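Colleague: The sequence shown begins at 4 in our numbering and counts up one residue at a time.
By construction, the Cβ of each residue, glycine as well, lies at the ideal position given by its N, Cα and C atoms.
Please read these numbers as outputs of a predicted model, since none were measured by experiment.
Handing you this structure, nothing more for now.
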Amino acid sequence: MFRIASRMVGAGAFGFTAGCMWQVSTTGAEELHHASPISCLSGRVWPPQNTLDTEPRPELKKEGWPSFFADGKVAADPTKGGLTTNWKVFKLEEKLPINHNTVKFVFSFDDPETEYTLPPCSTLELGVRLPGGQGAYRLYTPITPNNTKGGFECVVKLYTQGCFTPHLFKMNPGDAIFARVKHLKLKYKKGDYKNVGCIAGGTGIAPMLQVIRAVLSDPEDTTKVSLLFSNRRYRDILMKAELDDLAKRFPDRFNVTYCLQEPPLGWEGEVGRVTHSMVARTMPQPGPENIVCLSGPDKMMELVGGCNMANTYLWRNTSDLSLAVSRAKQVSSPIANNQGNMMQGILFECGYKDGEVYRF
4 MFRIASRMVG AGAFGFTAGC MWQVSTTGAE ELHHASPISC LSGRVWPPQN
54 TLDTEPRPEL KKEGWPSFFA DGKVAADPTK GGLTTNWKVF KLEEKLPINH
104 NTVKFVFSFD DPETEYTLPP CSTLELGVRL PGGQGAYRLY TPITPNNTKG
154 GFECVVKLYT QGCFTPHLFK MNPGDAIFAR VKHLKLKYKK GDYKNVGCIA
204 GGTGIAPMLQ VIRAVLSDPE DTTKVSLLFS NRRYRDILMK AELDDLAKRF
254 PDRFNVTYCL QEPPLGWEGE VGRVTHSMVA RTMPQPGPEN IVCLSGPDKM
304 MELVGGCNMA NTYLWRNTSD LSLAVSRAKQ VSSPIANNQG NMMQGILFEC
354 GYKDGEVYRF
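The following block contains the structure:
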């Protein structure tokens, strides 16, 4: 029997068993989550004991994989080892609700001693098998710290009219996910920039956290990092405990500013959507020695970064699976390839040029 152990997240504990599926419900999620911001796992290793099946489940076998893998590179043994640039399969261990439309998905390696390590500014391409054998995939940056043993975690927001996330949210612990590493155009290394600015919205904090950890974990790296993190409500702030801890430990190298559209009484941070004045107050000055990274909801990418997200809307916001898959194959993701138009958007209006902005 596949067993799932409860895990502490923030101030609460959630337990799941195979066969139980969290249903998207604004009422249920609100009652379950309360108002505690989500932090990182209290431990660095999972599962707490070896609960994996001794033999691969049928859906983990290479035979019958979705057709969209036909042109991709598949690992020789797709059920063994950690993450690579070849397609492999991993088991879903847990689903941890964060709010009414966002869940933390915990995936495991076959060997609990295998370490998760992903270079800065790289991400994962996750794939799922849709009904009828079709495949769909999207890019996500795990929130897992490097050198963590046993697996990785991704925070995912549900798009109810799409095809990828509704399928992912229906998966149960023990089901299979397909994944491979994707290296993005931005290659961060020590000394590249004097200042790194990060503007994130919602689950867009994931790639920013990857960059922040890479910079601050190197005592010889003098780069300074500033983060402007926008969310709708206080309870939506992901990884707040870790971000606040980093700000306290590295006061001369890292600062974080929170922005809420619906702030609670007594809120002392920024209010509303990201504006020109917020960027001017929190981000490094435009210039070749600095860079601003941007990741967040489509509207933020358009408003702040000048991204044309129209193509993404075509395939993300349709429940017609065959139409969505067909459109997705014809579209190059504007986020993954850092596409945008720096002749528009708040960052352009603040004086930033193309080489000074990276859109995840």
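Suppose you measure from the CA of Y237 to the CA of L306; what does that come to, to the nearest Å?
Modeller: Taking the straight line joining both Cα atoms gives about 22 Å.
Colleague: Tell me whether the beta-carbon of R141 lies closer than 7 Å to the beta-carbon of F108.
Modeller: no
Colleague: Would you decide whether W90 is buried or exposed? Buried here means 16 or more other CB atoms lie within 10 Å of its CB.
Modeller: buried
Colleague: Would DSSP call K98 helix, strand or coil?
Modeller: strand
Colleague: Any contact between the region 208 to 228 and the region 143 to 163? By contact I mean 3 or more CB pairs, one from each, below 8 Å.
Modeller: Taking a contact to require three or more Cβ pairs closer than 8 Å, the region 208 to 228 and the region 143 to 163 qualify as touching.
Colleague: Please state the DSSP three-state secondary structure of R216.
Modeller: helix
Colleague: Taking the beta carbon of E97 as the centre, do at least 16 other beta carbons fall within 10 Å, making it buried, or is it exposed?
Modeller: buried
Colleague: To which residues does DSSP link I294 through a beta bridge?
Modeller: V199
Colleague: Would you call the CB atoms of L263 and N234 closer than 7 Å?
Modeller: yes
Colleague: Kindly indicate which three-state DSSP category Y162 falls into: helix, strand or coil?
Modeller: In the displayed model, Y162 falls within coil according to three-state DSSP, outside both helix and strand.
Colleague: Have a look at V277 and F232 and give me their C-alpha separation to the nearest angstrom.
Modeller: 9 Å
Colleague: Residue ranges of each beta strand (DSSP E) run of no fewer than 3 residues wholly in the region 76 to 154, ordered along the chain?
Modeller: 91 to 102, 105 to 111, 125 to 132 and 138 to 143
Colleague: Please confirm if the region 347 to 356 is in contact with the region 293 to 306, defined as three or more CB-CB distances below 8 Å between the two stretches.
Modeller: yes
Colleague: With distances taken between CB atoms, is the gap from D201 to V282 smaller than 7 Å?
Modeller: A quick correction: the sequence has Cys, not Asp, at residue 201. Cβ atoms of C201 and V282: not closer than 7 Å.
Colleague: For L161, collect the residues of the same chain with a Cβ closer than 8 Å to its Cβ; drop the 5 residues on either side in sequence, then sort them by chain order.
Modeller: V27, N104, T105, V106, T168, P169 and F172
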